[in-house]
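Structure first, commentary second.
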Ligand code: HEC
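In this note's numbering, the protein residues as written are 1 to 167.
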């Protein structure tokens, strides 16, 4: 019944040039939230920045190096830049960047915070994780900026991990 009425109205609305909003308003509770969600997703997509935009502070990355040396180097290599052919993956270089390409810095952040160090995961604070991520970013050649890398999910989700600099 409801659908039939909706279609009827859609047909009528073409004739009378009702706006899409009026049509959605008629469908009411069912359709409106989806329209809102779509709009919100669009706004969020427009506000994202890239790892190429200077999203961490150099000092933060320096602090991250100290943590890397203590908690990550055992498995990921004493020299983060040196490519190893076996063992745990390199955290720098083309293969690493390809793994995270198109995801957000939030994905990398959560992966590390929840899953690393592999032999004792789950104890890194958000601040510690952010400095380690900053260290990984600087080691992969992404530029530093004025502000520190945020520790909140919304801020982190707004930063895209682009392996190559967007044109
Ligand atoms: C005990 C060894 C070990 C330690 C210590 C360790 N990792 Fe790992 N890490 C691994 C292994 C093994 C993998 C491969 C995925 C897996 O098996 O979980 C990995 C995967 C990763 C990845 C994903 C790499 C990719 O190519 O996508 C990241 C990022 C990472 N580790 C970060 C860290 C950070 C940061 C630390 C320090 C806080 C750390 N790891 C400490 C063993 C370790």
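The beta-carbon is built from N, C-alpha and C at its ideal position, and this holds for glycine as well.
What is the residue span of the alpha helix (DSSP H) that residue i lies within?
{"i": "residue 66", "result": "58-71"}
{"i": "residue 94", "result": "94-100"}
{"i": "residue 156", "result": "153-157"}
Just to confirm, is the Cβ distance from residue i to residue j under 8 Å?
{"i": "residue 96", "j": "residue 156", "result": "no"}
{"i": "residue 138", "j": "residue 78", "result": "no"}
{"i": "residue 134", "j": "residue 149", "result": "yes"}
{"i": "residue 57", "j": "residue 165", "result": "no"}
{"i": "residue 66", "j": "residue 145", "result": "no"}
{"i": "residue 64", "j": "residue 159", "result": "no"}
{"i": "residue 103", "j": "residue 142", "result": "no"}
{"i": "residue 112", "j": "residue 129", "result": "yes"}
{"i": "residue 68", "j": "residue 51", "result": "no"}
{"i": "residue 151", "j": "residue 126", "result": "yes"}
Within 7 Å: the Cβ of residue i and any heavy atom of the ligand HEC?
{"i": "residue 103", "result": "no"}
{"i": "residue 112", "result": "yes"}
{"i": "residue 168", "result": "The chain is shown only over 1 to 167; residue 168 falls outside these bounds and no answer can be derived."}
{"i": "residue 71", "result": "yes"}
{"i": "residue 76", "result": "yes"}
{"i": "residue 159", "result": "no"}
{"i": "residue 84", "result": "no"}
{"i": "residue 94", "result": "no"}
{"i": "residue 122", "result": "no"}
{"i": "residue 81", "result": "no"}
{"i": "residue 68", "result": "yes"}
{"i": "residue 119", "result": "yes"}
{"i": "residue 115", "result": "yes"}
{"i": "residue 62", "result": "no"}
Query raised in the report: Which whole runs of the alpha helix (DSSP H) in the region 116-149 are 4 residues long or more, in chain order?
Result: Taking only runs of at least 4 residues, the alpha helix (DSSP H) segments lying wholly in the region 116-149 are 126-139.
Requested in this report: Indicate whether the contact test is met: 3 or more Cβ pairs, each with one atom in the region 72-84 and one in the region 103-123, closer than 8 Å.
Outcome: The region 72-84, when compared against the region 103-123, does touch it at the 8 Å Cβ threshold.
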